[in-house]
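2 protein chains.
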Amino acid sequence: MSISTVSYALNGSAKVSEPTRTRIKEIADRLGYAPKLAARTLKGNKTNIIGVYISSFQGEFYGELLDGMQHRLELLGYDMMVNSGNRTQKFLSEKLFDGAIILDNKFQDDDLNKVLTQGNKVVVLDREVSHENARTVLLDNASGSKEAVEYLVSQHQENYYIISGPRGNYDVETRLQAAIETFEKSGKSFKILEGDFTEQSGYEAAEKIIAEAKDKTVGVYSLNDDEAIGFYRYARRHHILLEPQFKIVGFDNNHSADFLYPILPSISYRKHLWGEQAAETLIDLIESKPSAKNQTIKTALSFRK
Amino acid sequence: MSISTVSYALNGSAKVSEPTRTRIKEIADRLGYAPKLAARTLKGNKTNIIGVYISSFQGEFYGELLDGMQHRLELLGYDMMVNSGNRTQKFLSEKLFDGAIILDNKFQDDDLNKVLTQGNKVVVLDREVSHENARTVLLDNASGSKEAVEYLVSQHQENYYIISGPRGNYDVETRLQAAIETFEKSGKSFKILEGDFTEQSGYEAAEKIIAEAKDKTVGVYSLNDDEAIGFYRYARRHHILLEPQFKIVGFDNNHSADFLYPILPSISYRKHLWGEQAAETLIDLIESKPSAKNQTIKTALSFRK
Numbered sequence: 001m002s003i004s005t006v007s008y009a010l011n012g013s014a015k016v017s018e019p020t021r022t023r024i025k026e027i028a029d030r031l032g033y034a035p036k037l038a039a040r041t042l043k044g045n046k047t048n049i050i051g052v053y054i055s056s057f058q059g060e061f062y063g064e065l066l067d068g069m070q071h072r073l074e075l076l077g078y079d080m081m082v083n084s085g086n087r088t089q090k091f092l093s094e095k096l097f098d099g100a101i102i103l104d105n106k107f108q109d110d111d112l113n114k115v116l117t118q119g120n121k122v123v124v125l126d127r128e129v130s131h132e133n134a135r136t137v138l139l140d141n142a143s144g145s146k147e148a149v150e151y152l153v154s155q156h157q158e159n160y161y162i163i164s165g166p167r168g169n170y171d172v173e174t175r176l177q178a179a180i181e182t183f184e185k186s187g188k189s190f191k192i193l194e195g196d197f198t199e200q201s202g203y204e205a206a207e208k209i210i211a212e213a214k215d216k217t218v219g220v221y222s223l224n225d226d227e228a229i230g231f232y233r234y235a236r237r238h239h240i241l242l243e244p245q246f247k248i249v250g251f252d253n254n255h256s257a258d259f260l261y262p263i264l265p266s267i268s269y270r271k272h273l274w275g276e277q278a279a280e281t282l283i284d285l286i287e288s289k290p291s292a293k294n295q296t297i298k299t300a301l302s303f304r305k
Numbered sequence: 001m002s003i004s005t006v007s008y009a010l011n012g013s014a015k016v017s018e019p020t021r022t023r024i025k026e027i028a029d030r031l032g033y034a035p036k037l038a039a040r041t042l043k044g045n046k047t048n049i050i051g052v053y054i055s056s057f058q059g060e061f062y063g064e065l066l067d068g069m070q071h072r073l074e075l076l077g078y079d080m081m082v083n084s085g086n087r088t089q090k091f092l093s094e095k096l097f098d099g100a101i102i103l104d105n106k107f108q109d110d111d112l113n114k115v116l117t118q119g120n121k122v123v124v125l126d127r128e129v130s131h132e133n134a135r136t137v138l139l140d141n142a143s144g145s146k147e148a149v150e151y152l153v154s155q156h157q158e159n160y161y162i163i164s165g166p167r168g169n170y171d172v173e174t175r176l177q178a179a180i181e182t183f184e185k186s187g188k189s190f191k192i193l194e195g196d197f198t199e200q201s202g203y204e205a206a207e208k209i210i211a212e213a214k215d216k217t218v219g220v221y222s223l224n225d226d227e228a229i230g231f232y233r234y235a236r237r238h239h240i241l242l243e244p245q246f247k248i249v250g251f252d253n254n255h256s257a258d259f260l261y262p263i264l265p266s267i268s269y270r271k272h273l274w275g276e277q278a279a280e281t282l283i284d285l286i287e288s289k290p291s292a293k294n295q296t297i298k299t300a301l302s303f304r305k
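Residue numbers (UniProt numbering), protein chains in the order written: chain A, 1 to 305; chain B, 1 to 305.
This is the structure we're talking about:
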């Protein structure tokens, strides 16, 4: 049997008789072979599906970001598959996706480099990468963090704390570094408590900070709002009035923190827009349209007026 | 070239020389052929990946549900891919997934039936289905809705409203039907306003309801909490004190509504558990372990104490 016969049979060409086609398909099936998913789509080798890699679905942060991506991708004619777990990384190499948006610590630098070397187009939201097939859309964490700490320091509290996020994470490290520098520049001493960006870790930090405070005034910079909300929850459960002793600043300006009392000032940026911009940048890259290599999403202190 | 040579070459057997293997792989590649994804995994035809189909990432509802699924799937040795959009439905037929969890109006009954007939294992969270390859894990909407309306009626308001969700949706229809029956049984008249489960639609309903109220007392049953939060947002923006004129009851007991004032009573159920139970039921079905065909998640009125 010639290769061209197999080719005609599998491509559904009329040059091959039905019994031959059936037999070849049976053999292909027995061997576990099927047309590449990408090859089945209409437009050349495109699937018009974008893979999105995130580390967790927890918290409200991802919902708005993913909604932004989905909204823009739909307008541009693409669908989206959100991956969680390592088993699905191979689908990028297997061309199931036309490209990927990555905000996932579990997607390691080595694997990312491999994927880029294979020619996959990727937009990264959580690290700095320099490769012709990669674009970054990163938050301006340093500027936001500086503003958060300067605001806290202007409140003239006696003790200061930073509630950290998961170490190693790009957003955490850049926020932390700018916060430390700003505290040091102001001459204020401070403590860092470990957190992991969950409410629970903010709740636990609150317990420690409030116990240590005694009658001193305290300023707390929580590296995300989920942790800050955990702080409020601890205070509410233990009937502790936050104002005026405890002043907290968060990051992310979560929608769900809008009804907290006292108001939680927070570093804000447009999450939905971030998702949209990541999506648009990736499609530009895939469709070989010009786009800036490194984009930044602006941040600013918000008082939720 | 014999079929067995091709087979040996593609399976990496030592019976085929390296140049032959290379040539065959080149041809397979040129023809757009690759091993079926499923065939490459260790355990027979399994990929150990579960497809999850949802209609939207908006709101906080999905985050907790997906987190519950992911948590349980990880413990059971499975990864998860969350699909949004119609293009990805074919991956279920193509055995990219060992099974699927569906909570997606865009996944139509016809397509679901096709997928079940092909032998795919599915757990459905948003409709009633009877098929040997399907299990349902549904919310007890009727009981919750009855409790919500009975509570409102016990508050002896003058006017009553229901803010609906997207019509055609299983949860909306079952909540709506039970609410209508309970209002009718109580002898209270009421109006239904259309909503779509977003904050924005609750905000718009608030505008109408508050304008119509004049000095009458009003009871509002919002079919989900996102809409109820939209109601609070409208009131806050327009400096309208809700208590004692406006009493609202929601559904979902959203975590982010915990800090609303006045307290928003809401029909609660364990979202994380719902996700976990859906995951566990699907894996039981895939691994041919016994599991109840139709499961129900309990609901109860909560005052967020």
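Glycine residues also receive a C-beta, built at the ideal position from the N, C-alpha and C atoms.
Same chain, Cβ closer than 7 Å to ILE283 of chain B, neighbours up to 5 away in sequence not counted: Residue numbering aside, residue 283 of chain B sits at position 283 when the second sequence is read from its first letter. For ILE283 of chain B, where only same-chain residues beyond five positions count, the Cβ hits under 7 Å are LEU76 and TYR78.
Reduced DSSP secondary structure (H/G/I, E/B, other) of residue 309 of chain B: Outside the shown range of chain B (1 to 305) lies residue 309 of chain B, about which nothing can therefore be said.
Interface partners of ASP67 of chain A on chain B, CB under 8 Å: For the purposes of this step, residue 67 of chain A is taken as the residue at position 67 of the first sequence. Residues of chain B passing the Cβ test: SER56, PHE57 and GLN58.
Top-ranked residue by Cα proximity to GLU184 of chain B, from B:GLY202, B:TYR203, B:GLN200 and B:TYR161: In the second sequence, the residue the question calls residue 184 of chain B occupies position 184. That would be B:TYR161, whose Cα lies nearest to the Cα of GLU184 of chain B.
Interface flag, PHE183 of chain B vs chain A, CB-CB below 8 Å: Mapped onto the second sequence, residue 183 of chain B falls at position 183. The Cβ of PHE183 of chain B sits no closer than 8 Å to any Cβ of chain A.
Proximal chain B residues relative to LEU260 of chain A, where beta-carbon distance stays under 9 Å: Along the first sequence, read from residue 1 onward, the residue named residue 260 of chain A stands at position 260. Under the 9 Å cutoff, chain B gives PHE259.
Residue range of the unbroken alpha helix (DSSP H) whose run includes GLN295 of chain A: Position 295 of the first sequence, counting from 1, holds the residue named residue 295 of chain A. No alpha helix (DSSP H) contains GLN295 of chain A, which is instead part of the beta strand (DSSP E) from 294–297.
The region 199–230 of chain B: positions lying closer than 7 Å to chain A by Cβ: Using a CB distance below 7 Å, no part of the region 199–230 of chain B faces chain A.
Paired residues, beta bridge with ASN83 of chain A - DSSP: What you label residue 83 of chain A is simply residue 83 of the first sequence in a count that begins at 1. In DSSP, ASN83 of chain A forms a bridge with A:TYR53 and B:MET81.
Residue-chain proximity (GLU276 of chain A, chain B), Cβ-Cβ < 8 Å: For this step, residue 276 of chain A is matched to residue 276 along the first sequence. Not closer than 8 Å to any Cβ of chain B, the Cβ of GLU276 of chain A fails to qualify, so no.
Chain-ordered neighbours of VAL82 of chain B on chain A, where CB pairs are closer than 9 Å: Indexing the second sequence from 1 puts residue 82 of chain B at position 82. The answer, in chain order, is VAL52, PHE57, LEU66, MET80, MET81, VAL82, ASN83 and SER84.
Chain-ordered chain D contacts of ARG87 of chain A [CB-CB under 7 Å]: The displayed structure is made up of protein chains A and B, and chain D is not among them.
Test item: CB-CB of SER93 of chain A and GLN118 of chain A under 8 Å: In the first sequence, residue 93 of chain A corresponds to position 93, counting from 1. In the first sequence, residue 118 of chain A corresponds to position 118, counting from 1. Yes, they are a contact pair.
Top-ranked residue by Cα proximity to THR299 of chain A, from A:LEU242, A:ARG270, A:ALA211 and A:LYS114: Working through the first sequence from its first residue, we reach residue 299 of chain A at position 299. Checking every option, the nearest Cα to that of THR299 of chain A belongs to A:ARG270.
Whether ASN86 of chain A touches LYS106 of chain A by CB criterion (8 Å): Residue mapping note: residue 86 of chain A aligns to position 86 of the first sequence, counting from 1. Residue mapping note: residue 106 of chain A aligns to position 106 of the first sequence, counting from 1. In this structure, LYS106 of chain A lies closer than 8 Å to ASN86 of chain A by Cβ.
Neighbouring residues, chain B, relative to TYR62 of chain A (Cβ below 8 Å): Here residue 62 of chain A corresponds to residue number 62 of the first sequence, with the count starting at 1. Result: PHE57 and GLY63.
Contact set between SER256 of chain A and chain B, taken where Cβ atoms lie within less than 7 Å: Locating residue 256 of chain A in the first sequence gives position 256, where the first residue counts as 1. Going along chain B in sequence order, the residues near SER256 of chain A (Cβ under 7 Å) are GLU60 and SER256.
Interface residues of chain A facing GLU74 of chain B [CB-CB closer than 8 Å]: Locating residue 74 of chain B in the second sequence gives position 74, counting from the first residue. At a C-beta separation below 8 Å, GLU74 of chain B has these neighbours in chain A: GLY85.
Cα-Cα separation between ASP110 of chain A and LEU116 of chain A, rounded to whole angstroms: Indexing the first sequence from 1 puts residue 110 of chain A at position 110. Indexing the first sequence from 1 puts residue 116 of chain A at position 116. Straight-line Cα distance between these residues: approximately 10 Å.
Minimum Cβ-Cβ distance from GLN108 of chain A to chain B less than 8 Å: Within the first sequence, residue 108 of chain A is the residue found at index 108, counting from 1. No, GLN108 of chain A does not count as interfacial toward chain B.
Alpha carbon of SER268 of chain A to alpha carbon of ARG167 of chain A, nearest angstrom: Here residue 268 of chain A corresponds to residue number 268 of the first sequence, with the count starting at 1. Here residue 167 of chain A corresponds to residue number 167 of the first sequence, with the count starting at 1. The alpha-carbon atoms of SER268 of chain A and ARG167 of chain A are separated by roughly 21 Å.
CB-CB length for ASP252 of chain A against ARG304 of chain A, believed under 8 Å: The sequence position of residue 252 of chain A within the first sequence is 252, counting from 1. The sequence position of residue 304 of chain A within the first sequence is 304, counting from 1. 12 Å between Cβ atoms; not a contact.
Cβ shell of LEU260 of chain B (< 6 Å), same chain only, five flanking positions each side left out: In the second sequence, the residue the question calls residue 260 of chain B occupies position 260. Same-chain partners within the cutoff: TYR232.
Beta-carbon proximity of ASN137 of chain B to ILE297 of chain B, cut-off 8 Å: The residue labelled residue 137 of chain B in the question sits at position 137 within the second sequence. The residue labelled residue 297 of chain B in the question sits at position 297 within the second sequence. The sequence given here has Val at residue 137 of chain B, not Asn. Against a cut-off of 8 Å, the Cβ pair of ILE297 of chain B and VAL137 of chain B comes out as a contact.
Min CB distance residue 310 of chain B to chain A below 8 Å: This structure leaves residue 310 of chain B out entirely; chain B is present only between 1 and 305.
Segment contact flag, the region 48–55 of chain A with the region 52–59 of chain B, C-beta cutoff 8 Å, min 3 pairs: no
Contact list for GLN70 of chain A against chain B, beta-carbon separation under 8 Å: Here residue 70 of chain A refers to the residue found at position 70 when the first sequence is read from its first residue. Within 8 Å Cβ-Cβ: SER56, PHE57, SER84 and GLY85.
Same chain, Cβ closer than 7 Å to GLN155 of chain A, neighbours up to 5 away in sequence not counted: Within the first sequence, the letter at position 155 stands for residue 155 of chain A. Counting only Cβ-Cβ distances below 7 Å, and skipping sequence neighbours, we find GLY219 and LYS247.
Bridge-paired residues (DSSP) for ASN159 of chain A: The count along the first sequence starts at 1 and reaches residue 159 of chain A at position 159. BP columns for ASN159 of chain A point to A:VAL218.
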